[in-house]
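Q: Just remember that this note's numbering sits 2 ahead of the position in the sequence shown, which is counted from 1.
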Amino acid sequence: SAQLTAEGNTCEGNNQSGIILFEEARGEVRSNLCRNNGLNGIEAQDSARLTAQGNTCEGNKKVGIALLENARGEALDNQCRNNGYHGIEAQGSAQLTAEGNTCEGNQQAGIFLNENARGEVRDNQCRNNLVGIWATDSAQLTAEGNTCEENKQSGIVLFEKARGEVRSNLCRNNGLNGIEAQGSAQLTAQDNTCEGNKEAGIALGEKARGEVRNNQCRNNLVGIGATDSAQLTAQGNTCEGNNQSGIILFEKARGEVRSNLCRNNGLHGIGAQGSAQLTAQGNTCEGNQQAGIALLRNARGEVRDNQCRNNGYHGIGAQNRAQLTAQGNTCEGNQQSGIILFDNARGEVRNNLCRNNGLNGISAQDSAQLTAEGNTCERNEEYGIFLYNNSSGTVQNNICRYNKYGIGVGRGSKVKIRNNLVSNNWQGNVVDERR
Numbered sequence: 003s004a005q006l007t008a009e010g011n012t013c014e015g016n017n018q019s020g021i022i023l024f025e026e027a028r029g030e031v032r033s034n035l036c037r038n039n040g041l042n043g044i045e046a047q048d049s050a051r052l053t054a055q056g057n058t059c060e061g062n063k064k065v066g067i068a069l070l071e072n073a074r075g076e077a078l079d080n081q082c083r084n085n086g087y088h089g090i091e092a093q094g095s096a097q098l099t100a101e102g103n104t105c106e107g108n109q110q111a112g113i114f115l116n117e118n119a120r121g122e123v124r125d126n127q128c129r130n131n132l133v134g135i136w137a138t139d140s141a142q143l144t145a146e147g148n149t150c151e152e153n154k155q156s157g158i159v160l161f162e163k164a165r166g167e168v169r170s171n172l173c174r175n176n177g178l179n180g181i182e183a184q185g186s187a188q189l190t191a192q193d194n195t196c197e198g199n200k201e202a203g204i205a206l207g208e209k210a211r212g213e214v215r216n217n218q219c220r221n222n223l224v225g226i227g228a229t230d231s232a233q234l235t236a237q238g239n240t241c242e243g244n245n246q247s248g249i250i251l252f253e254k255a256r257g258e259v260r261s262n263l264c265r266n267n268g269l270h271g272i273g274a275q276g277s278a279q280l281t282a283q284g285n286t287c288e289g290n291q292q293a294g295i296a297l298l299r300n301a302r303g304e305v306r307d308n309q310c311r312n313n314g315y316h317g318i319g320a321q322n323r324a325q326l327t328a329q330g331n332t333c334e335g336n337q338q339s340g341i342i343l344f345d346n347a348r349g350e351v352r353n354n355l356c357r358n359n360g361l362n363g364i365s366a367q368d369s370a371q372l373t374a375e376g377n378t379c380e381r382n383e384e385y386g387i388f389l390y391n392n393s394s395g396t397v398q399n400n401i402c403r404y405n406k407y408g409i410g411v412g413r414g415s416k417v418k419i420r421n422n423l424v425s426n427n428w429q430g431n432v433v434d435e436r437r
């Protein structure tokens, strides 16, 4: 039960650690220089309790400050740099509070939690490490107000069965992702800014689950991405200026995507491909280079009550063998169509407002199958609703007005047209090339 106060010491070149607490010892360790030691700069193990403040821990072969087994520690305002493993580590069942530290240039993580460790990690600077903040095994992480930048891989990472509440962090210019969850990790990410990362602002992979709310994800390759069998809930995020899509689901991922603003991205505002399943509701997707919302390959999407406007191609698009349900959306001012089906896609398109688009309000081409019911298509440059050759479907109870043409059907189309209100289209109300 020894009690140690260590202040202003230089501990360097020792075979093991510079300063160490065992068993039930307690230590206040301040303003020491612990460098080039064979294990750790400062270490607490067993059931020791450590307060480490204002120390410089650098060039140690393993860790700058390490908590092992059942140790508890407060690491405050330390400089932990250029260590062989991590800047600060908690493992076993250790409990860590890390606040105001600078962890840079470490070979692995700036701050690392593994096994059953718990960590409250606030207001730290983690830069130029392999990973900024890393939790794995069954560790539990609370990360708030940290800056994780220019790490070789990701800013903040959860692996295996780790759980993390990640709030109000700045994760920028990292070599992979701003914030990432893999394995069976569970992530809550809220109010973070993730920008300039080479891959995603926020990424979920494998079987990870993530609740991603009110984040700013900009100027990354992808704003928010989920792949493998990950499950994503994304709400209230702003995803803008990303090189590809604002929010994207790959492979077998599932996503509930609500009330996000996805604008000025290089591909789509929101996308799903592979066999992904998307629910998109109440989002605003504007100014994207291709589609506001896009379904590709075998994706399925329920797309309701979104605003898809001023996109470079279409408001909402489905292609390949995708299956789309689109209801209650407003698709306006898009360069091509408001809603479009390609290839062998299928779409149930009901009660949407498609206006002022550069081509058609709603269209289907190739071998697509369209059910269009209860939509209002007005002031589009070409057709309100148009089905190209070989497409098929039912078009009923729609309003098509003030377009160049109201409803158009190509020669090879198999379409049932009934009970539509088609009027005031300036070059023709119904153009049926089958006649």
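C-beta: ideal position from N, C-alpha, C; glycine also.
#1: Classify residue 102 as helix, strand or coil using the three-state DSSP reduction.
#2: Exposed or buried, residue 108, counting other C-beta atoms within 10 Å across all chains shown (16 or more means buried)?
#3: Could you check which residue in 209, 144, 128, 175 has the C-alpha nearest to that of residue 162?
#4: Do residue 294 and residue 317 have their C-beta atoms closer together than 7 Å?
#5: Buried or exposed for residue 3, please, with buried defined as at least 16 other CB atoms from any protein chain shown within 10 angstroms of its CB.
#6: State the DSSP-derived secondary structure class of residue 252, mapped to helix, strand or coil.
#7: Tell me whether residue 418 sits in a helix, a strand or coil according to DSSP, three-state version.
#8: Residue 136 lies in the beta strand (DSSP E); which residues open and close that run?
#9: Pick from 410, 325, 211: whose alpha carbon is nearest that of residue 234?
#10: Less than 7 Å between the C-beta atoms of residue 388 and residue 410, yes or no?
#11: What does the alpha-carbon distance come out to for the pair residue 97 and residue 76?
#12: Assign residue 40 to buried or exposed, taking buried as 16 or more other Cβ atoms, counted over all protein chains shown, within 10 Å of its Cβ.
#13: Please name the residue or residues paired with residue 190 in a DSSP beta bridge.
#14: In three-state DSSP terms, what is residue 120?
#15: Going by CA-CA distance only, name the one from 360, 183, 324 that's closest to residue 350.
#16: Does residue 96 come within less than 7 Å of chain D when only Cβ atoms are used?
#17: What are the partner residues of residue 407, as DSSP defines its beta bridges?
#18: If I follow the unbroken beta strand (DSSP E) through residue 4, where does it start and stop?
#19: Thinking C-alpha only, which one of 279, 251, 246 is nearest residue 265?
#20: Given residue 384, which residues of its chain have a CB within under 6 Å of its CB, disregarding the five upstream and five downstream residues?
#21: In whole angstroms, what is the alpha-carbon distance linking residue 253 and residue 276?
#22: Within 10 Å of its beta-carbon, does residue 136 have 16 or more other beta-carbons around it, so buried, or fewer, so exposed?
#23: Specify the secondary structure class of residue 393 as computed by DSSP and reduced to three states.
#24: As a quick exercise: from 205, 225, 213, pick the residue whose alpha carbon is nearest that of residue 197.
#25: Among residues of its own chain, excluding the 5 on either side of residue 33, which ones have a beta-carbon nearer than 6 Å to its beta-carbon?
#26: Out of curiosity, what's the CA-to-CA distance linking residue 180 and residue 12?
#27: Can you tell me where the beta strand (DSSP E) holding residue 311 begins and where it ends?
#28: Could you tell me if residue 156 is buried or exposed, where buried requires 16 or more neighbouring beta carbons within 10 angstroms of its beta carbon?
#29: Can you name, in chain order, every residue of its own chain whose Cβ lies under 6 Å from the Cβ of residue 274, other than the five neighbours on each side?
#30: Let me know the beta strand (DSSP E) ranges lying completely inside the stretch 277 to 350, each 3 residues or longer, listed in chain order.
#31: Residue 361 by DSSP, collapsed to three states: which one?
#32: By how many angstroms is the C-alpha of residue 43 removed from the C-alpha of residue 18?
#33: Report the rounded CA-to-CA distance for residue 93 versus residue 263, giving the unit in angstroms.
#34: Residue 332 to residue 429, Cα distance in whole Å?
#35: Going by Cα to Cα distance, which pick from 51, 70, 71, 82 is closest to residue 62?
#36: My output table needs one value for residue 55: the three-state DSSP class, helix, strand or coil.
A: On the basis of the supplied data:
#1: Counted from its first residue, the sequence shown places residue 102 at position 100. In the structure shown, residue 102 sits in coil (DSSP, three-state: anything other than H, G, I, E or B).
#2: Here residue 108 refers to the residue found at position 106 when the sequence shown is read from its first residue. Flag for residue 108 reads buried.
#3: If you number the sequence shown from 1, residue 162 lands on position 160. Here the closest residue by C-alpha is 209.
#4: In the sequence shown, residue 294 corresponds to position 292, counting from 1. In the sequence shown, residue 317 corresponds to position 315, counting from 1. Yes, Cβ-Cβ distance for residue 294 and residue 317 is below 7 Å.
#5: To locate residue 3, count along the sequence shown from 1; it is residue 1. It is exposed - the Cβ of residue 3 has fewer than 16 other Cβ atoms within 10 Å.
#6: Counting from 1 along the sequence shown, the entry for residue 252 is found at position 250. DSSP places residue 252 in coil when its eight states are reduced to three.
#7: The residue labelled residue 418 in the question sits at position 416 within the sequence shown. It is a strand residue.
#8: Mapped onto the sequence shown, residue 136 falls at position 134. Its beta strand (DSSP E) spans residues 133 to 137.
#9: The residue labelled residue 234 in the question sits at position 232 within the sequence shown. The candidate whose alpha carbon is nearest that of residue 234 is 211.
#10: Indexing the sequence shown from 1 puts residue 388 at position 386. Indexing the sequence shown from 1 puts residue 410 at position 408. Their beta carbons are under 7 Å apart, which means residue 388 touches residue 410 by this criterion.
#11: Within the sequence shown, the letter at position 95 stands for residue 97. Within the sequence shown, the letter at position 74 stands for residue 76. Going from the Cα of residue 97 to the Cα of residue 76 covers about 9 Å.
#12: Counting from one through the sequence shown, the residue named residue 40 turns up at place 38. Classification for residue 40: exposed.
#13: Start at 1 with the first residue of the sequence shown, and residue 190 comes out as number 188. In the DSSP output, where bridge partners are listed per residue, residue 190 has 167, 213.
#14: Here residue 120 is taken as the residue at index 118 of the sequence shown, counted from 1. Looking at residue 120 - three-state DSSP - the assignment turns out to be strand.
#15: What you label residue 350 is simply residue 348 of the sequence shown in a count that begins at 1. Residue 324 is the option with its Cα nearest to residue 350.
#16: The structure shown has no chain D; it contains just one protein chain.
#17: Residue 407 sits at position 405 when you count from the first residue of the sequence shown. Answer by DSSP bridge pairing, in chain order: 385, 430.
#18: Within the sequence shown, numbered from 1, the residue matching residue 4 stands at position 2. Residue 4 -> no beta strand (DSSP E), and no H or E assigned at all.
#19: The residue given as residue 265 occupies position 263 in the sequence shown. Comparing Cα positions, the closest option is 246.
#20: Taking the first residue of the sequence shown as 1, we reach residue 384 at position 382. Only 361, 362, 406 meet the Cβ criterion.
#21: In the sequence shown, the residue the question calls residue 253 occupies position 251. In the sequence shown, the residue the question calls residue 276 occupies position 274. In a straight line, the C-alpha of residue 253 is about 4 Å away from that of residue 276.
#22: Position 134 of the sequence shown, counted from the start, is the residue given in the question as residue 136. Residue 136 is buried by the Cβ-count criterion.
#23: Counting from 1 along the sequence shown, the entry for residue 393 is found at position 391. In the structure shown, residue 393 sits in coil (DSSP, three-state: anything other than H, G, I, E or B).
#24: Along the sequence shown, read from residue 1 onward, the residue named residue 197 stands at position 195. Out of 205, 225, 213, 225 has the C-alpha closest to the C-alpha of residue 197.
#25: For the purposes of this step, residue 33 is taken as the residue at position 31 of the sequence shown. Correct list, in chain order: 9, 10, 56.
#26: The residue labelled residue 180 in the question sits at position 178 within the sequence shown. The residue labelled residue 12 in the question sits at position 10 within the sequence shown. Distance between the alpha carbons of residue 180 and residue 12: 36 Å.
#27: In the sequence shown, residue 311 corresponds to position 309, counting from 1. Run containing residue 311: 309 to 311, per the beta strand (DSSP E) assignment.
#28: Looking up residue 156 in the sequence shown gives position 154. Classification of residue 156: buried, given that the 10 Å Cβ count is 16 or more.
#29: Taking the first residue of the sequence shown as position 1, residue 274 is located at position 272. Hits under 6 Å: 251, 280, 297, 301, 303.
#30: 279 to 283, 286 to 288, 295 to 297, 302 to 306, 309 to 311, 318 to 320, 325 to 329, 332 to 334, 341 to 343
#31: Residue 361 sits at position 359 when you count from the first residue of the sequence shown. Residue 361 falls in the coil class under three-state DSSP.
#32: Sequence index remark: in the sequence shown, residue 18 carries index 16 (1-based). Sequence index remark: in the sequence shown, residue 43 carries index 41 (1-based). About 9 Å.
#33: Here residue 93 refers to the residue found at position 91 of the sequence shown. Here residue 263 refers to the residue found at position 261 of the sequence shown. Looking at the two C-alpha atoms, the distance is approximately 39 Å.
#34: As a position in the sequence shown, residue 332 is number 330, starting the count at 1. As a position in the sequence shown, residue 429 is number 427, starting the count at 1. Taking the straight line from one Cα to the other gives about 25 Å.
#35: For the purposes of this step, residue 62 is taken as the residue at position 60 of the sequence shown. The option with the nearest alpha carbon to residue 62 is 82.
#36: Here residue 55 refers to the residue found at position 53 of the sequence shown. Residue 55 falls in the strand class under three-state DSSP.
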